[in-house]
Amino acid sequence: MSGHGQPIPMTSRKGPALRGEAHVPGDKSISHRSLILGALSVGETRVTGLLEGQDVLDTGAAMRAFGAEVTRHGDGAWSVHGVGVGGFGEPAQVIDCGNSGTGVRLIMGAMATTPIAATFTGDASLNGRPMGRVTDPLALFGARAYGRAGGRLPMTLVGAADPVPVRYALPVPSAQVKSAVLLAGLNAPGETVVIEPEATRDHTERMLAGFGAEVAVETGPEGRIITLKGQPELRPQTIAVPRDPSSAAFPVCAALLAEGSDVLVPNIGLNPTRAGLFTTLREMGADLTYENEREEGGEPVADLRARFSPEMEGIEVPPERAASMIDEYPVLSVVAAFARGRTAMRGVRELRVKESDRIDAMAKGLRAAGIEVEEGPDWWIVHGRGHGDVPGGVTVESRLDHRIAMSFLVMGLATEKPMGVDDGGPIATSFPAFEGLMAGLGAQIVRANR
């Protein structure tokens, strides 16, 4: 089940070439942070282009529960009247973060240095995911977590009454953990320092600086060092959310695989900590170009044009690129199935603890569809068969994971036989317009119960 209702089986099949423009939703990472930092500011933050998927709506509801005013206006813009750093009130109800690991981990960080308690839960997928990677560093500030065995939700977090600043080296690259620690550091005196051995998406640092926090970033022998001065008064902002590169991945990859396709995906954020998939696709020989390159709100942006690319070759994806495309490996593995030769993806242990074990989910589905896959704890290799030689013809489990569902539906647009997923319901958590957008391009994706 989707966690938000009854299962929605879906199928996809070959059809006409995909043509037109794909206007994907706003960036999910920036949307979450806009609501949270707006709630921690004093005054009104205005947000346009917010992703109105369930994950982000759940974060908005959480900010209301902590005392901020979060309002959607008739023109589609949102406003957040914040309570200031350290101003969160104790919520009267359980905070339900649905399917969102990003939401729950960032919210935990934002409240961890305020002397209040909050209980967090989510859907079956989120409640099965480990929270220790966040609650362990938050404990260094003085916060205490009480959850199920294995550090899983439902969990009550008690914020530190007398927080202390922290110096924390990330054991694995994770923007979620980094962001949780930085958000906790906002209400701790002195300087909180996060050291990341490999760069991860840097929206939190950029946006903290934009809201008026003192943030310094330097590179040293240990890696990338982010220093945050605690207890600032954050200033409200006007934010135009760029469109999400992780959502853009699906129409882009579909156009590369569906014969004769030519699709333009406008206004995509190309922050270098997020654009690893597009770099990888071009290295594989994809006909993917950047048009109208520009900068908006401090973030690089371009229109992406993707054309049918039947001659792609498998490559060795550099492990150091993993953090910049961690959410895109499932759909990359689908593209790899249609490339010639092996595509190796290493340094991707993080995929094991996403909404599902994404390596296992994709490997099993790809094998069922006729593709050879090897895997290990933090790597996997897809042996591509080349375009026109991928059988398909199976229904796979989405495992309550929106990216697994969308990846296999993209696959079915180019396999010899249709592909199905047992539940497309989770797609609404990040990309509620997916079905309509893809149909507008000509994709043959339908709900099986229609």
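Numbering-wise (this note's numbering), the sequence shown opens with residue 625 and increments by one. The beta carbon of each residue, even a glycine, is placed where N, CA and C say it ideally should be.
Note down the Cα distance separating residue i from residue j, rounded to an integer number of angstroms.
i               : j                 : result
glycine 836     : threonine 635     : 47 Å
alanine 1057    : proline 649       : 8 Å
proline 795     : arginine 976      : 16 Å
glutamate 846   : valine 1014       : 44 Å
glycine 629     : valine 841        : 43 Å
leucine 810     : glycine 700       : 30 Å
glycine 854     : histidine 827     : 18 Å
aspartate 951   : glutamate 999     : 17 Å
glycine 627     : arginine 973      : The predicted model places glycine 627 with a pLDDT of 49, which falls under 50 and marks its position as unreliable, so this point remains unresolved.
arginine 982    : serine 665        : 36 Å
methionine 1030 : phenylalanine 874 : 7 Å
valine 925      : alanine 646       : 15 Å
valine 801      : leucine 681       : 21 Å
glycine 1016    : isoleucine 995    : 9 Å
alanine 793     : glutamate 820     : 6 Å
serine 933      : leucine 990       : 20 Å
histidine 656   : leucine 1065      : 28 Å
valine 704      : glycine 783       : 23 Å
isoleucine 1069 : threonine 967     : 27 Å
valine 805      : alanine 767       : 12 Å
isoleucine 731  : glycine 909       : 40 Å
leucine 781     : arginine 848      : 29 Å
valine 788      : glycine 708       : 19 Å
Assuming residue i and residue j make a contact with CB atoms under 8 Å, what is their CB distance in whole Å?
i              : j              : result
proline 715    : alanine 736    : Wrong, their Cβ atoms sit about 14 Å apart, outside the cutoff.
aspartate 760  : glycine 727    : Not quite, the Cβ-Cβ distance comes to about 19 Å (not below 8 Å), so this is no contact.
proline 1138   : aspartate 1047 : The structure shown does not extend to residue 1138, since the chain is modelled only from 625 to 1074, so the question has no answer here.
alanine 872    : isoleucine 892 : 5 Å
aspartate 1025 : serine 957     : So it is not a contact: roughly 13 Å between Cβ atoms.
glycine 884    : alanine 641    : 3 Å
glutamate 815  : threonine 851  : 5 Å
glycine 1044   : proline 633    : 6 Å
If the criterion is Cβ atoms closer than 8 Å, does the pair residue i and residue j meet it?
i                  : j              : result
serine 724         : threonine 1053 : yes
alanine 963        : glutamate 937  : yes
phenylalanine 1032 : glycine 677    : no
aspartate 651      : aspartate 927  : no
leucine 880        : isoleucine 660 : no
alanine 1063       : glycine 1008   : no
valine 997         : alanine 987    : yes
arginine 637       : glycine 1036   : yes
alanine 992        : valine 1020    : yes
alanine 947        : threonine 824  : yes
glycine 756        : serine 803     : no
glycine 722        : glycine 746    : yes
valine 865         : leucine 675    : yes
glutamate 822      : glutamate 919  : no
glycine 752        : arginine 776   : yes
alanine 769        : glycine 706    : no
What does DSSP give as the partner residue(s) for residue i in the beta ladder?
i              : result
proline 943    : DSSP lists no partner for proline 943.
proline 924    : Glu919
histidine 1026 : Paired residue(s): none; histidine 1026 is not in a bridge.
glutamate 842  : Ile849
serine 703     : Arg670 and Thr695
glutamate 999  : Trp1004
threonine 1053 : Beta-bridge pairing links threonine 1053 to no other residue.
serine 665     : Leu858
valine 805     : Paired residue(s): none; valine 805 is not in a bridge.
serine 593     : An answer regarding residue 593 cannot be provided, because it is not within the stretch 625 to 1074 covered by the chain.
tyrosine 914   : Leu928
methionine 779 : Phe744 and Gly771
valine 887     : Gly644 and Ala930
threonine 816  : Leu852
isoleucine 892 : Arg867 and Ala926
Between residue i and chain C, is any beta-carbon pair separated by less than 8 Å?
i           : result
alanine 993 : The structure shown contains no chain C; it is built from a single protein chain.
Within the present structure, is the beta-carbon of residue i separated from the nearest heavy atom of the ligand HEM by less than 7 Å?
i             : result
threonine 828 : Of the ligands one can find in the structure shown there are none, so the ligand HEM has no counterpart to examine.
Is there contact between the segment 888-905 and the segment 679-691, where contact requires at least three CB pairs shorter than 8 Å?
The segment 888-905, when compared against the segment 679-691, does not touch it at the 8 Å Cβ threshold.
Do three or more CB pairs link the segment 851-866 to the segment 926-941 at distances below 8 Å?
With contact defined as three or more Cβ pairs closer than 8 Å, the segment 851-866 and the segment 926-941 are not in contact.
Taking contact to mean at least 3 C-beta pairs separated by less than 8 Å, is the segment 755-769 in contact with the segment 690-704?
Short answer: they don't touch.
Taking 8 Å as the threshold, find out whether the segment 663-678 comes into contact with the segment 908-915 through three or more Cβ pairs.
Not touching, per the Cβ criterion.
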